[in-house]
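Participant:
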Amino acid sequence: MADDHPYADRFGVTRRIPEQGRPRAEVLAELETMATEEDRAWESGKCSGTMYCGDHDHYGFLNEAYGLYAHVNALQRDICPSATRFEGEIIAMTLDMLHADAVSDGEPVGIVTSGGTGSIVHALLAYRDHAAQTRGVTRPNFVKPETGHPAFDKGCHLFGIELRTAPIDPETTLVDVAAMAELVDDQTIAIMGSACNYGYGTIDPISELSDLALERGVGLHVDGCLGGFILPWGQELGWDIPVFDFRLPGVTSISADTHKYGYGFKGSSVVTFRDKALRNAQYFFLTGWSGGKYCSPGMDGSRSGGALASTWAAMVTIGREGYLGYARQIFETADRMKDAVRSHPELRIMGSPTFCFSFTSDEFDIYHVNDAMRAKGWRFNGQQYPNAIHMAVTRPQTQPGVVEEFTADLAGAVAYAKEHAEDTPKSAAIYGGVAGGLDDEADEFIRMVMGDMMDRHQSVPAKD
Ligand SMILES: *Cc1c(COP(=O)(O)O)cnc(C)c1O
Numbered sequence: 058m059a060d061d062h063p064y065a066d067r068f069g070v071t072r073r074i075p076e077q078g079r080p081r082a083e084v085l086a087e088l089e090t091m092a093t094e095e096d097r098a099w100e101s102g103k104c105s106g107t108m109y110c111g112d113h114d115h116y117g118f119l120n121e122a123y124g125l126y127a128h129v130n131a132l133q134r135d136i137c138p139s140a141t142r143f144e145g146e147i148i149a150m151t152l153d154m155l156h157a158d159a160v161s162d163g164e165p166v167g168i169v170t171s172g173g174t175g176s177i178v179h180a181l182l183a184y185r186d187h188a189a190q191t192r193g194v195t196r197p198n199f200v201k202p203e204t205g206h207p208a209f210d211k212g213c214h215l216f217g218i219e220l221r222t223a224p225i226d227p228e229t230t231l232v233d234v235a236a237m238a239e240l241v242d243d244q245t246i247a248i249m250g251s252a253c254n255y256g257y258g259t260i261d262p263i264s265e266l267s268d269l270a271l272e273r274g275v276g277l278h279v280d281g282c283l284g285g286f287i288l289p290w291g292q293e294l295g296w297d298i299p300v301f302d303f304r305l306p307g308v309t310s311i312s313a314d315t316h317k318y319g320y321g322f323k324g325s326s327v328v329t330f331r332d333k334a335l336r337n338a339q340y341f342f343l344t345g346w347s348g349g350k351y352c353s354p355g356m357d358g359s360r361s362g363g364a365l366a367s368t369w370a371a372m373v374t375i376g377r378e379g380y381l382g383y384a385r386q387i388f389e390t391a392d393r394m395k396d397a398v399r400s401h402p403e404l405r406i407m408g409s410p411t412f413c414f415s416f417t418s419d420e421f422d423i424y425h426v427n428d429a430m431r432a433k434g435w436r437f438n439g440q441q442y443p444n445a446i447h448m449a450v451t452r453p454q455t456q457p458g459v460v461e462e463f464t465a466d467l468a469g470a471v472a473y474a475k476e477h478a479e480d481t482p483k484s485a486a487i488y489g490g491v492a493g494g495l496d497d498e499a500d501e502f503i504r505m506v507m508g509d510m511m512d513r514h515q516s517v518p519a520k521d
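In my numbering, the protein residues as written are 58 to 521.
Okay, here's the thing in structure tokens:
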């Protein structure tokens with residue numbers, strides 16, 4: 058396993074605010090050393106997902122935009138009307154991309170949040186409170202396909218919503234709509250489908266889910282955190298991608314991450330709603346507080362104006378032409394990588410994915426392939442039930458030579474896997490890249506690993 062604390066010996070461990078501040082130049086040099094070394098891990102194009110853009114020039118520009126507003130509190134709009142402009146325009150552009158112009162039965166709106174999880178939990182809160190206000194729901198439940206992101210489980214956990222999980226068809230990896238229908242009852246606030254899901258990159262039958270939602274009078278959230286800012290362009294370019302957005306009458310909210318294929322900085326995402334009433338259900342006001350009248354549009358209090366400014370700057374400088382161009386390169390690269398996988402009869406791609414795909418093997422444990430690819434510098438995310446590895450193609454993979462390297466390294470890895478089919482692979486399947494045992498044991502193991510990673514340098518120094 059990678060060492061989580063490689064800098065302790067090199068730079069020492071700071072356990073108390075330094076008596077005298079350190080020189081800025083020295084601190085910047087230290088920061089630059091760590092950043093430059095860490096960037097090497099993905100600049101080669103061998104890292105799945107994570108670095109969606111990877112263009113240091115673009116990052117430099119975003120840093121300038123961010124820097125102008127980093128110190129601004131977007132909660133206090135009277136002194137920063139620019140934040141209102143950025144947020145409104147980010148939402149408008151996102152709604153337009155998701156075809157909200159097709160909506161005639163509502164007033165489409167949105168919220169800019171701090172990330173995909175933020176967008177998902179805001180949607181859950183809106184559904185819970187809207188269902189309580191309009192349908193008198195007191196024991197709320199929410200239904201997701203097994204492949205739905207853990208952020209839905211997290212939000213349900215936080216808000217006291219019962220989470221129900223619908224099975225998927227193991228062949229297509231798509232949700233079993235009939236099974237989902239069975240789980241919907243009069244306390245169901247909403248259901249969800251992914252476009253696309255994180256694990257397999259496949260798109261749930263959103264059109265069928267839309268029919269189900271309308272028939273049963275529940276909301277339908279489409280999780281476009283990963284695909285929201287790339288699938289619309291792929292559709293426009295002619296890739297085989299079904300309609301998943303506001304053109305479907307049952308879709309009541311969509312999350313789309315600007316900090317993934319929107320090519321903004323980490324810390325921004327958009328959740329869009331078919332109608333204002335749904336979003337407004339989660340607004341929070343405390344008008345009688347002695348400290349003044351308080352209201353906030355979402356769960357955060359103070360927020361950095363930098364995140365809004367840089368996200369807006371990314372969208373307006375890349376433009377439709379830019380997004381289409383990058384999407385074309387990404388879809389073409391993914392197609393070539395999938396062809397490389399398909400050229401090995403021992404490997405099997407899960408379902409019919411587009412820019413993000415997952416593969417397994419019925420002949421050997423696919424983690425052997427992962428082990429061999431890791432030795433060549435590749436970083437994939439591991440999956441379980443069945444074991445599989447996943448690749449979300451991003452701009453760093455579109456650099457010349459990366460597909461060729463993938464193809465060659467994969468061939469070597471398949472040979473390695475066949476040779477070691479009887480052994481236990483070194484890598485195992487835990488989201489985030491830490492290895493563990495099974496179920497209960499895995500919970501305990503993860504708790505221990507998290508504890509070591511987070512806490513080792515947190516101890517308070519002894520007082521003299
Ligand atoms: C990334 C992702 C999320 C969660 O987003 P964060 O930005 O990590 O909070 C949700 N759903 C899908 C499909 C994702 O890929």
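Just so it is clear, CB atoms sit at the ideal spot from N, CA and C, and this is done for glycine as well.
Report all residues from its chain with a CB closer than 7 angstroms to the CB of Leu240; omit the five preceding and five following residues, and keep chain order.
Facilitator: Closer than 7 angstroms at Cβ, skipping near neighbours: Val200, Arg221 and Ala223.
Participant: Under 7 angstroms: does the beta carbon of Tyr255 sit that close to some heavy atom of ligand 1?
Facilitator: yes
Participant: Our contact map puts Thr390 next to Val460 with C-beta atoms below 8 angstroms; I'd like the distance itself, whole angstroms only.
Facilitator: 6 angstroms
Participant: For Ile177, verify whether its CB is less than 7 angstroms away from any heavy atom of ligand 1.
Facilitator: Yes, since a heavy atom of ligand 1 falls inside the 7 angstroms radius drawn around the Cβ of Ile177.
Participant: Go to Leu266, then tell me how far its alpha helix (DSSP H) extends in each direction, as first and last residue.
Facilitator: For Leu266, the enclosing alpha helix (DSSP H) stretches over residues Ile263 to Arg273.
Participant: Check whether the Cβ atoms of Pro453 and Gly111 sit closer than 8 angstroms, and answer yes or no.
Facilitator: yes
Participant: What first and last residue would you give for the alpha helix (DSSP H) that runs through Asn130?
Facilitator: Here Asn130 belongs to no alpha helix (DSSP H), and DSSP marks it neither H nor E.
Participant: DSSP on Leu277, reduced to helix/strand/coil?
Facilitator: strand
Participant: Should Ser312 go down as buried or exposed, given a rule of 16 or more other Cβ atoms within 10 Å for buried?
Facilitator: Under the 10 Å beta carbon count, Ser312 is surrounded by 16 or more other beta carbons and is classified as buried.
Participant: Pull up the distance between the alpha-carbon of Phe286 and that of Phe414, whole angstroms please.
Facilitator: 17 angstroms
Participant: How is Asn337 classed by DSSP in three states: helix, strand or coil?
Facilitator: helix
Participant: Starting from Gln292 and walking both ways along the alpha helix (DSSP H), at which residues does that stretch end?
Facilitator: Leu288 to Leu294
Participant: Going by Cα to Cα distance, which pick from Gly167, Arg304, His447 and Met356 is closest to Ser267?
Facilitator: Arg304
Participant: Three or more beta-carbon pairs under 8 angstroms between the region 145-154 and the region 391-398, yes or no?
Facilitator: no
Participant: Between the Cα of Ser310 and the Cα atoms of His425, Ala334 and Gly106, which residue gives the shortest distance?
Facilitator: Ala334
Participant: Name the residue from Ala247, Thr229 and Ala127 whose alpha carbon lies nearest to the alpha carbon of Tyr184.
Facilitator: Ala247
Participant: Using only alpha-carbon positions, find the residue among Ala180, Ile503, Tyr351 and Ala468 that is nearest to Thr329.
Facilitator: Checking every option, the nearest Cα to that of Thr329 belongs to Ala180.
Participant: According to DSSP, is Ala499 helix, strand or coil?
Facilitator: helix
Participant: Can you tell me where the alpha helix (DSSP H) with Ala476 in it begins and where it stops?
Facilitator: Note on identity: in this sequence residue 476 is Glu, with Ala being the wrong assignment. From DSSP, the alpha helix (DSSP H) with Glu476 extends over Val459 to Glu476.
Participant: Is the beta carbon of Asp280 less than 8 angstroms from the beta carbon of His214?
Facilitator: no
Participant: Starting from the N-terminal side, write out each stretch of the alpha helix (DSSP H) that is 4 residues or longer and does not extend beyond the region 84-158.
Facilitator: 113-126 and 138-154
Participant: Spell out a yes or no on whether the region 102-109 and the region 432-450 are touching, meaning 3 or more CB-CB pairs, one atom from each, closer than 8 angstroms.
Facilitator: yes
Participant: With respect to the alpha helix (DSSP H) encompassing Cys413, which residues constitute its N-terminal and C-terminal limits?
Facilitator: Not the alpha helix (DSSP H): Cys413 falls in the beta strand (DSSP E), residues Cys413 to Ser418.
Participant: Could you give the DSSP three-state label for His514: helix, strand or coil?
Facilitator: coil
Participant: By DSSP, does Gly379 sit in helix, in strand, or in coil?
Facilitator: Gly379: helix per DSSP, three-state reduction.
Participant: Ends of the alpha helix (DSSP H) at Leu182?
Facilitator: Gly173 to Arg192
Participant: Using three-state DSSP, classify Ala313 as helix, strand or coil.
Facilitator: strand
Participant: Taking the straight line between their C-alpha atoms, what separation do you get for Ala499 and Gly508?
Facilitator: Rounded to the nearest angstrom, the two C-alpha atoms are 14 angstroms apart.
Participant: In the DSSP output, what is Phe330 paired with across the bridge?
Facilitator: Val166 and Ser310
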